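Peer 1: Sharing a structure below in structure tokens format, with a few things to ask.
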Amino acid sequence: MNPKLTETEALPVAIRKAGRHVSQTEGLIFEKSAPGKRGMELPPLDVPAVSAETALGRDFARGAIEGFPEVSEIEVIRHFTRLSTWNYAIDLGMYPLGSCTMKYNPRVNEYVSRLDGLASAHPWQPAEVAQGCLRIIHDLQKCLLAITGMDAATLQPAAGAQGELTGLLMIRAYLQSQGNPRKKVLIPDSSHGTNPASVVIAGYEVQNIRSNARGQIDTDHLREFAAGDVAALMVTNPSTLGVFEERIAEIAEILHERGALLYMDGANMNALAGITRPGDFGVDVMHLNLHKTFSTPHGGGGPGAGPVMVKKILEPFLPAPIVVQKDDGKFALDFNRPKSVGRVRAFCGNFGVLLRALAYTLAYGPGIRQATEDAVLNANYIRRRLEDAFDLPYDLPSLHEVVFSDARQKRNGVNTMDIAKRLIDYGFHPYTTAFPLIVPGAMMIEPTESESKEECDLFIEAMHSIASEAETNPEIFKTAPHSTRVGRLDEVAAARKPVLRWKP
Amino acid sequence: MRYLPKSPSERQEMLAAIGADNIEELFQTIPGKFRLREKLPLPGPLSEMEIIDYFKDRASETARDYTSFLGAGVYQHLRSVVTEAIVQRGEFLTSYTPYQAEISQGTLTAIFEFQTLMAQLTGQEVANASMYDGSTALTEAVLMAQRITGRDKVLVARTVHPEYRQVLATYAKNLGLEIEEINYAASGHLDRDALSPEKIAASAAVVVQSPNFFGVLEHIPALADSAHSSGALLVTTIAEAVSLGIVRPPIEADIVAMEGQSFGVAPSYGGPFVGVIATRDKFVRQMPGRLAGQTTDAAGQRGFVLTLATREQHIRREKATSNICTNEALFALVATVHLCLLGKEGLREMALQNIAKAQFALAELAKIPGVRRTFSGRFFNEFVVEFPRSVKLINSALLREKIIGPLAVGMHYPELSKRGLLCVTETMPRREIERLVAAIRRILETPV
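Protein sequences appear in the order of chains A and B.
Going by my numbering, the first sequence opens with residue 1, and the numbers climb by one from there.
Going by my numbering, the second sequence opens with residue 505, and the numbers climb by one from there.
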């Protein structure tokens with residue numbers, strides 16, 4: 001609670017979603033430590049004991065680890081439970097982060113991921129006793145290929161960014177096999193930061209291309225830039241503005257005529273699943289983020305999984321191994337892939353994430369289309385109801401997300417970050433701020449299909465209330481949020497003199 | 505559909521508010537010829553019970569009730585239900601990357617604790633908030649060494665996990681990074697005679713794993729001396745993190761790339777795990793991955809934020825230290841809770857039990873005629889054993905007795921046929937070790 005503000009200033013009447021609850025004070029676990037306490041006991045050793053010195057010799061034996069915690073089980077439970085109450089989460093409410101697709105994470109997915117036999121499976125156990133795991137991977141592959149309309153897949157990449165790199169490596173290997181890997185990859189200025197970063201690791205140069213006045217890829221500009229040294233265009237579709245690239249087929253054609261390929265960043269697949277298939281509109285290679293469209297939990301930053309789907313021409317270059325079904329119906333890992341780009345991660349990738357994504361897909365079946373429709377319905381509803389209060393820099397029809405700007409509020413000195421922080425007081429996680437880069441003061445809102453009309457209405461009401469506060473009480477933004485455990489934190493100090501660990 | 509919180513009439517109300525007659529109108533920007541007319545050919549929809557049944561069926565098609573002696577980068581260790589209870593709290597499970605610090609102090613505080621624990625364990629000054637896994641952590645550590653030294657070659661021990669080396673090779677290919685592999689000596693250590701000062705002087709780093717793929721502990725201080733005296737870094741990777749409970753940490757290494765799966769994370773057929781990079785303070789701005797740092801709010805209260813983001817892709821785009829965005833935060837939390845439970849004494853005891861069990865197993869196996877350890881170097885919980893018959897043959901016989909036997913080392917090291925890598929952790933009961941030994945004895949006594 002910010003001491004400078006009174007209760008009424010900090011919490012307007014319009015805050016219907018959030019109340020106050022007791023938040024426990026809690027230090028670091030290291031500060032609770034006392035010699036001799038422990039929170040876990042081991043079964044007694046049933047073989048002769050050894051001493052570190054005898055077994056390892058003086059060179060290798062380690063003494064006690066200085067500062068390592070010594071706490072009891074109840075202290076561990078309370079410590080982490082208290083910390084957990086300082087977090088916002090999907091389980092608490094709407095998380096309208098644009099491009100992040102924060103949807104409900106079904107609990108049954110957590111349950112099945114922990115089943116004995118799956119959670120306990122070792123990646124090197126023989127295929128004859130790993131059939132269940134291999135089939136899960138194979139079944140998910142089939143589902144993802146059906147949804148994307150592509151021909152072949154690898155589920156090895158550990159996250160979207162690694163999927164991007166994998167796709168780019170395959171493009172390189174394919175073009176190399178045609179005689180020339182080429183030099184550049186084109187990236188629209190509205191793209192995610194991982195795109196250019198992945199391009200560099202794949203050994204390509206980044207060539208940024210402008211969006212046109214409608215926020216779409218400028219096909220004239222593309223014709224000009226897609227010269228012989230261009231390997232591919234990486235496009236996010238729908239774009240980070242939440243808008244479908246209407247000329248996607250023409251874009252693919254321009255690239256293909258010049259021997260280049262079309263890479264689609266599938267981060268926004270939540271707008272397309274069940275409605276249209278990238279394989280049908282000219283995409284050669286794409287990745288999916290299973291922690292977005294396929295509901296696997298973000299867990300405070302990860303894990304994810306970034307499967308890559310390709311057209312037939314790229315299949316020989318998939319990372320090894322891939323999961324195949326043999327003629328006898330049994331599943332196996334195929335390592336014999338002479339043209340493979342190699343391995344991008346040890347073992348079979350984030351299997352536990354793949355398994356959850358399959359559970360999600362099975363829950364919907366063909367009904368996944370309804371999820372997409374609801375996600376698009378929510379975004380358009382919010383757009384329509386907030387158009388009167390916020391500036392809409394690009395007015396093309398939205399799919400799953402809508403991007404406003406802070407242009408109107410800025411006249412009163414209130415910017416997108418201020419509005420985001422104030423939204424916290426209203427009981428919501430902020431939307432994505434300051435992205436995409438082509439929108440100054442961007443406010444990128446993606447409600448997902450998981451929000452009820454009631455939750456959307458609460459959000460709309462909060463945004464309207466904030467818009468009028470920007471007119472009448474702009475000072476309140478400078479100290480927001482007011483209802484959280486800590487106020488705005490000094491990020492400059494954190495970076496200038498980094499304290500990155502506890503010390504006794 | 506149970507995940508969708510809208511009634512048909514609410515959908516109609518919302519469409520009316522938008523001014524659309526039907527849902528199709530909202531998709532008009534997608535050219536008609538690309539819009540699907542028919543339903544996707546997907547299995548389902550399945551109810552919760554049916555989903556559970558599907559996965560129970562799959563679980564029954566695995567080695568659920570087998571005893572396994574596999575390690576080689578993925579380890580069976582004790583896990584606590586307490587850790588499970590914590591990580592299944594929705595506030596941790598269903599939260600996003602903690603960019604909005606005021607409502608993410610739970611995650612940020614836990615990451616800060618994770619970074620501290622990893623630094624304490626590895627003997628390094630600073631650790632990041634996680635990488636995908638050990639293989640990618642090692643790869644990124646090597647790229648970091650390339651940036652720091654400006655040298656475009658690395659010397660990598662052949663005793664580094666084969667799949668870690670494969671991942672490194674995939675990344676290195678297009679970055680002008682040459683990899684030279686250094687062979688091992690008869691002891692199972694990296695062959696230091698193959699490391700000439702000239703060779704090191706041309707290299708960004710010497711890369712070793714300890715315990716290495718054969719389970720053997722490398723001499724880190726001596727290797728660091730050799731690397732440093734020729735201006736290279738020492739990069740050390742650790743696949744079996746429980747070893748740090750009793751084995752001297754790689755203090756002299758410049759970058760440590762670790763797999764943290766052993767800290768309470770289920771094997772889960774290879775992932776998700778939790779990689780981590782630890783290093784010296786002076787290299788922190790070349791480190792990839794997120795970092796949580798301590799700071800204060802206007803009222804002077806302690807709080808944590810993601811910091812030094814100018815290294816990262818969302819700020820620096822093509823000039824970032826890495827393309828990593830999503831990491832393995834939830835499993836960093838698993839490792840943190842698990843290590844807090846185990847504590848100083850528990851981790852040490854667990855590590856010592858591993859040594860005791862592995863030594864017992866080796867001693868019992870070595871009583872079988874024709875069976876002996878291949879290498880002489882000190883080891884933690886894994887060791888390579890030579891058999892008088894092929895490992896494949898032994899393993900298929902063991903499988904009939906519901907035992908998953910040693911990993912055939914010859915798969916990755918052709919010169920080491922008839923050798924198997926065994927892992928014995930604290931979870932392995934003595935009677936199962938004895939059952940393995942008896943079975944192998946019987947198999948070897950059976951005429952071919």
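Just so it is clear, CB atoms sit at the ideal spot from N, CA and C, and this is done for glycine as well.
Since the structure is predicted, the reported quantities are computational estimates derived from the model, not experimental observations.
Looking only at its chain, what residues have a beta carbon closer than 8 Å to the beta carbon of residue 136(A), apart from the 5 residues adjacent to it on each side?
Peer 2: Taking the first sequence and counting its residues from 1, one reaches residue 136(A) at position 136. Contacts found: 118, 351, 354, 355 and 358.
Peer 1: Which residues in the same chain have their Cβ closer than 6 Å to the Cβ of residue 773(B), if we skip the five residues on either side of it in sequence?
Peer 2: Here residue 773(B) refers to the residue found at position 269 of the second sequence. Nothing listed; no residue qualifies.
Peer 1: So the candidates are 559(B), 599(B) and 866(B); which of them puts its Cα closest to the Cα of residue 886(B)?
Peer 2: By one-based count along the second sequence, residue 886(B) stands at place 382. Closest by alpha carbon: 866(B).
Peer 1: Counting only the same chain and skipping the five closest in sequence on each side, list residues whose C-beta sits under 7 Å from that of residue 685(B).
Peer 2: Your numbering for residue 685(B) matches position 181 in the second sequence. Correct list, in chain order: 660 and 662.
Peer 1: Would you call the CB atoms of residue 498(A) and residue 811(B) closer than 8 Å?
Peer 2: Taking the first residue of the first sequence as 1, we reach residue 498(A) at position 498. Taking the first residue of the second sequence as 1, we reach residue 811(B) at position 307. Yes.
Peer 1: Do residue 738(B) and residue 710(B) have their C-beta atoms within less than 8 Å of each other?
Peer 2: As a position in the second sequence, residue 738(B) is number 234, starting the count at 1. As a position in the second sequence, residue 710(B) is number 206, starting the count at 1. Yes. Within cutoff.
Peer 1: Report yes if the C-beta distance between residue 632(B) and residue 821(B) is below 8 Å; otherwise report no.
Peer 2: Residue numbering aside, residue 632(B) sits at position 128 when the second sequence is read from its first letter. Residue numbering aside, residue 821(B) sits at position 317 when the second sequence is read from its first letter. No. Outside cutoff.
Peer 1: Smallest Cα separation from residue 948(B): which of 585(B), 828(B) and 899(B)?
Peer 2: On the second sequence, position 444 is the one that residue 948(B) refers to. Nearest C-alpha to residue 948(B): 899(B).
Peer 1: Counting only runs that start and end within the stretch 864–912 of chain B, where is the alpha helix (DSSP H) found for 4 or more residues in a row?
Peer 2: With a minimum length of 4 residues, the continuous alpha helix (DSSP H) runs that stay inside the stretch 864–912 of chain B are 895–904.
Peer 1: With a 10 Å radius around its C-beta and 16 neighbouring C-beta atoms as the bar for buried, classify residue 830(B) as buried or exposed.
Peer 2: One-based indexing of the second sequence puts residue 830(B) at position 326. Flag for residue 830(B) reads buried.
Peer 1: Kindly indicate if chain A contains any beta-carbon less than 8 Å away from that of residue 904(B).
Peer 2: Along the second sequence, one-based indexing puts residue 904(B) at 400. Judged by the 8 Å Cβ criterion, residue 904(B) is not in contact with chain A.
Peer 1: According to the Cβ coordinates, are residue 605(B) and residue 809(B) closer than 8 Å?
Peer 2: Within the second sequence, the letter at position 101 stands for residue 605(B). Within the second sequence, the letter at position 305 stands for residue 809(B). Contact flag set, yes.
Peer 1: Just to confirm before moving on: does the CB-CB distance between residue 768(B) and residue 636(B) stay below 8 Å?
Peer 2: Here residue 768(B) refers to the residue found at position 264 of the second sequence. Here residue 636(B) refers to the residue found at position 132 of the second sequence. Cβ atoms of residue 768(B) and residue 636(B): not closer than 8 Å.
Peer 1: Could you please tell me which residues of the stretch 523–537 of chain B, in chain order, have their CB closer than 8 Å to any CB of chain A?
Peer 2: Those residues of the stretch 523–537 of chain B that come within reach of chain A (Cβ to Cβ, closer than 8 Å) are 523, 524, 527, 530, 531, 532, 533, 534 and 535.
Peer 1: For the stretch 857–880 of chain B, which residues have a CB atom closer than 7 Å to at least one CB atom of chain A, in sequence order?
Peer 2: Listed by position, the residues of the stretch 857–880 of chain B near chain A (Cβ gap below 7 Å) are 857, 859, 860, 861, 863 and 864.
Peer 1: Specify the secondary structure class of residue 275(A) as computed by DSSP and reduced to three states.
Peer 2: Here residue 275(A) refers to the residue found at position 275 when the first sequence is read from its first residue. Residue state, collapsed to three classes: coil.
Peer 1: Just the C-alpha distance for residue 21(A) and residue 297(A), rounded to the nearest angstrom, thanks.
Peer 2: As a first step, residue 21(A) is located in the first sequence; it is residue number 21 there, counting from the start. As a first step, residue 297(A) is located in the first sequence; it is residue number 297 there, counting from the start. If you take the alpha carbons of residue 21(A) and residue 297(A), they lie about 25 Å apart.
Peer 1: For residue 287(A), which residues does DSSP report across the bridge?
Peer 2: Numbered from its first residue, the first sequence carries residue 287(A) at position 287. Paired residues: 265(A) and 308(A).
Peer 1: Which residue from 484(A), 199(A), 127(A) and 66(A) puts its Cα closest to that of residue 626(B)?
Peer 2: Here residue 626(B) corresponds to residue number 122 of the second sequence, with the count starting at 1. Answer by Cα proximity: 66(A).
Peer 1: Would you please state the rounded distance, in angstroms, between the beta carbons of residue 868(B) and residue 938(B)? I believe it to be under 8 Å.
Peer 2: For this step, residue 868(B) is matched to residue 364 along the second sequence. For this step, residue 938(B) is matched to residue 434 along the second sequence. Between residue 938(B) and residue 868(B) the Cβ distance is about 7 Å, and since that is below 8 Å, they are a contact.
Peer 1: I'd like the span of the alpha helix (DSSP H) that includes residue 733(B), first residue to last.
Peer 2: On the second sequence, residue 733(B) is found 229 positions in, with the first residue counted as 1. Unbroken alpha helix (DSSP H) run through residue 733(B): 724–733.
Peer 1: Is there contact between the stretch 634–648 of chain B and the stretch 513–524 of chain B, where contact requires at least three CB pairs shorter than 8 Å?
Peer 2: At 8 Å Cβ cutoff, the stretches do not touch.
Peer 1: Which residues in the same chain as residue 313(A) place their Cβ atom closer than 7 Å to its Cβ, once the five residues preceding and following it in sequence are excluded?
Peer 2: The residue you call residue 313(A) lines up with position 313 of the first sequence. The residues are 174.
Peer 1: Determine which residues share a DSSP beta bridge with residue 211(A) and list them.
Peer 2: For this step, residue 211(A) is matched to residue 211 along the first sequence. According to DSSP, residue 211(A) bridges with 217(A).
Peer 1: Applying the 10 Å Cβ sphere with the 16-neighbour rule, what's the burial state of residue 581(B)?
Peer 2: The sequence position of residue 581(B) within the second sequence is 77, counting from 1. Buried, since its Cβ has 16 or more Cβ neighbours within 10 Å.
Peer 1: Taking a cut of 7 Å between CB atoms, which residues from the stretch 640–652 of chain B lie near chain A?
Peer 2: From the stretch 640–652 of chain B, only 640 have a Cβ closer than 7 Å to chain A.
Peer 1: Could you work out which residue in 741(B), 857(B), 529(B) and 843(B) is closest to residue 48(A) when comparing CA atoms only?
Peer 2: Within the first sequence, residue 48(A) is the residue found at index 48, counting from 1. Of the candidates 741(B), 857(B), 529(B) and 843(B), the one whose C-alpha sits nearest the C-alpha of residue 48(A) is 857(B).
Peer 1: Helix or strand or just coil, what does DSSP make of residue 828(B)?
Peer 2: Within the second sequence, numbered from 1, the residue matching residue 828(B) stands at position 324. Here residue 828(B) sits in coil by DSSP.
Peer 1: Taking Cβ-Cβ distances shorter than 7 Å, what residues in chain B pair up with residue 203(A)?
Peer 2: Stepping through the first sequence from its first residue, residue 203(A) is reached at position 203. Neighbours of residue 203(A) on chain B, chain order: 678 and 679.
Peer 1: When you compare only the Cα positions, how much space is there between residue 225(A) and residue 186(A)?
Peer 2: Residue numbering aside, residue 225(A) sits at position 225 when the first sequence is read from its first letter. Residue numbering aside, residue 186(A) sits at position 186 when the first sequence is read from its first letter. If I take the Cα positions, the gap works out to 8 Å.
Peer 1: Evaluate residue 765(B) with the Cβ neighbour count: other Cβ atoms within 10 Å of its Cβ, from every protein chain shown; 16 or more gives buried, anything less gives exposed.
Peer 2: In the second sequence, the residue the question calls residue 765(B) occupies position 261. Answer is buried; the Cβ neighbour count reaches 16.
Peer 1: Give the interface partners of residue 854(B) over in chain A, defined as CB-CB distance under 7 Å, in chain order.
Peer 2: Position 350 of the second sequence, counted from the start, is the residue given in the question as residue 854(B). Within 7 Å Cβ-Cβ: 42.
Peer 1: Take residue 914(B) and list the residues in its own chain whose beta-carbon comes closer than 8 Å to its own, dropping the five residues that flank it on each side.
Peer 2: Indexing the second sequence from 1 puts residue 914(B) at position 410. Excluding residues within five positions, the ones whose Cβ falls inside 8 Å are 895, 920, 921, 922 and 923.
Peer 1: Among 452(A), 398(A) and 410(A), whose alpha-carbon lies nearest the alpha-carbon of residue 445(A)?
Peer 2: Numbered from its first residue, the first sequence carries residue 445(A) at position 445. The shortest C-alpha separation from residue 445(A) is found at 398(A).
Peer 1: Assign residue 641(B) to buried or exposed, taking buried as 16 or more other Cβ atoms, counted over all protein chains shown, within 10 Å of its Cβ.
Peer 2: Numbered from its first residue, the second sequence carries residue 641(B) at position 137. So residue 641(B) counts as buried.
Peer 1: Could you compute how far the alpha carbon of residue 165(A) sits from the alpha carbon of residue 448(A)?
Peer 2: What you label residue 165(A) is simply residue 165 of the first sequence in a count that begins at 1. What you label residue 448(A) is simply residue 448 of the first sequence in a count that begins at 1. Cα to Cα, the separation comes out at about 27 Å.
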